[in-house]
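**Q**
2 protein chains.
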Amino acid sequence: MSRTLPHPTREQIELPLVLDCLSDPTRLAIVYQLAQQERVSSELCCGDFNGLAGKSNLTYHFAKLRDCGLMQTRVAGTNRFMRLRREDLEARFPGLLDAVLKSAAKDAERLQLVAECDVVETD
Amino acid sequence: MSRTLPHPTREQIELPLVLDCLSDPTRLAIVYQLAQQERVSSELCCGDFNGLAGKSNLTYHFAKLRDCGLMQTRVAGTNRFMRLRREDLEARFPGLLDAVLKSAAKDAERLQLVAECDVVETD
DNA sequence: TCGATAGTTAAATAAACATTGAACATAAGG
DNA sequence: CCTTATGTTCAATGTTTATTTAACTATCGA
Numbered sequence: 002m003s004r005t006l007p008h009p010t011r012e013q014i015e016l017p018l019v020l021d022c023l024s025d026p027t028r029l030a031i032v033y034q035l036a037q038q039e040r041v042s043s044e045l046c047c048g049d050f051n052g053l054a055g056k057s058n059l060t061y062h063f064a065k066l067r068d069c070g071l072m073q074t075r076v077a078g079t080n081r082f083m084r085l086r087r088e089d090l091e092a093r094f095p096g097l098l099d100a101v102l103k104s105a106a107k108d109a110e111r112l113q114l115v116a117e118c119d120v121v122e123t124d
Numbered sequence: 002m003s004r005t006l007p008h009p010t011r012e013q014i015e016l017p018l019v020l021d022c023l024s025d026p027t028r029l030a031i032v033y034q035l036a037q038q039e040r041v042s043s044e045l046c047c048g049d050f051n052g053l054a055g056k057s058n059l060t061y062h063f064a065k066l067r068d069c070g071l072m073q074t075r076v077a078g079t080n081r082f083m084r085l086r087r088e089d090l091e092a093r094f095p096g097l098l099d100a101v102l103k104s105a106a107k108d109a110e111r112l113q114l115v116a117e118c119d120v121v122e123t124d
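In the order they appear, the protein sequences are chains U and E. When we follow this note's numbering, the leftmost residue of the first sequence carries the number 2, and every step to the right adds one. When we follow this note's numbering, the leftmost residue of the second sequence carries the number 2, and every step to the right adds one.
1) Since U:K103 meets chain E, which of its residues come closer than 9 Å, beta carbon to beta carbon?
2) Could you check which residue in E:P9, E:K56 and E:R86 has the C-alpha nearest to that of E:L35?
3) Can you check which of these residues, U:T60, U:G96 and U:C22, is closest to U:R81 by C-alpha distance?
4) Can you check which of these residues, E:C46, E:H8 and E:Y33, is closest to E:M83 by C-alpha distance?
5) Hey, is E:L16's beta-carbon within less than 8 Å of any beta-carbon in chain U?
6) Taking U:L6 as the reference, which of U:D108, U:Q113 and U:M72 has the closest Cα?
7) Is there a C-beta anywhere in chain E that falls below 8 Å from the one on U:L85?
8) Classify U:V32: buried if its beta carbon has 16 or more other beta carbons within 10 angstroms, exposed otherwise.
9) Taking only beta-carbon atoms, is U:D21 less than 8 Å away from chain E?
10) Under 8 Å, Cβ to Cβ, is there at least one residue of chain E near U:S57?
11) Would you kindly work out how many angstroms separate the C-alpha atoms of U:I14 and E:R4, rounded to a whole number?
12) Using the rule of at least 16 other Cβ atoms within 10 Å of the residue's Cβ for burial, across every protein chain shown, is E:G52 buried or exposed?
13) Using beta-carbon positions only, say whether E:P9 and E:G70 come within less than 8 Å of one another.
14) Rounded to the nearest angstrom, what separates E:S20 and U:V76 at their Cα positions?
15) What ranges does the alpha helix (DSSP H) occupy inside the region 81 to 117 of chain E, keeping only unbroken runs of at least 4 residues that lie completely in it?
16) Decide if E:A105 is buried, meaning its Cβ has at least 16 other Cβ atoms within 10 Å, or exposed.
17) Could you pull the start and end residues of the alpha helix (DSSP H) that U:Q37 belongs to?
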């Protein structure tokens, strides 16, 4: 019934929680993917991450990312659209997100962040 | 008997491990304190962090910081001197450590990083 | 050689974490 | 209305984590 989800305010965003969130490979991949697609569209929905983990596991990671202030979730019909809270993060921790994203990009292979580009399903 | 401790090479430093290390408040405080004192002397020994946690707990955190490549430990007599692996981190993840340290500095109070400056013991 | 100092190791514990599967809820579309 | 597609919730699992206490090792200096 709840049309909106709880998010921390900008000021409530905490450094250790953000770092902890980014330290998990699955969540780092989510954030990375979100950042990659940003110039195309600033939002992605849950299903776009199905390659990274099972559905219910993703729900768990999305909640962590939302709770720590890394992303914003918008409910629309049966979909939840997410976007990075770039502005808030930049205001709170200048340069941090970019540094993490650049570092992740450098290690994309090692971290297995390389988007599978919607590989054709072989059913 | 081991005069030297094992450290990862520069190339072996992994982003998720580094972020995870920095996400713990105690370890973030250690790194912050290490960075603060850097212009005075690049090294500090275990005892300099006694305010942050118990001795054996510190040993645990030091090991994590060493294992992930954030700091270097040098054994000298009964002391172990630590320093940040700034160069290696900058080479691997440009701008990351500085961004974290600046973010931490902004939140120093909230994170209780404010060095107690060897407050006089009130016994 | 003795005692103090610096730090490690080991074992125990409680809490937090990531992952899974099954059941559920909600909305869109025929 | 019924079905399908999206995504959530809940409980169970096994793992990792941070912390504490106590016993230990090793070095320095008197």
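Cβ atoms here follow ideal geometry from the backbone N, Cα and C, with glycine treated the same way.
**A** On the basis of the supplied data:
1) F94, P95, G96 and L97
2) E:R86
3) U:T60
4) E:C46
5) yes
6) U:M72
7) no
8) buried
9) yes
10) no
11) 43 Å
12) exposed
13) yes
14) One detail in the question is off: residue 20 of chain E reads as Leu in this sequence, not Ser. Spanning the two alpha carbons is a distance of roughly 30 Å.
15) 87 to 93 and 97 to 107
16) buried
17) P26 to Q37
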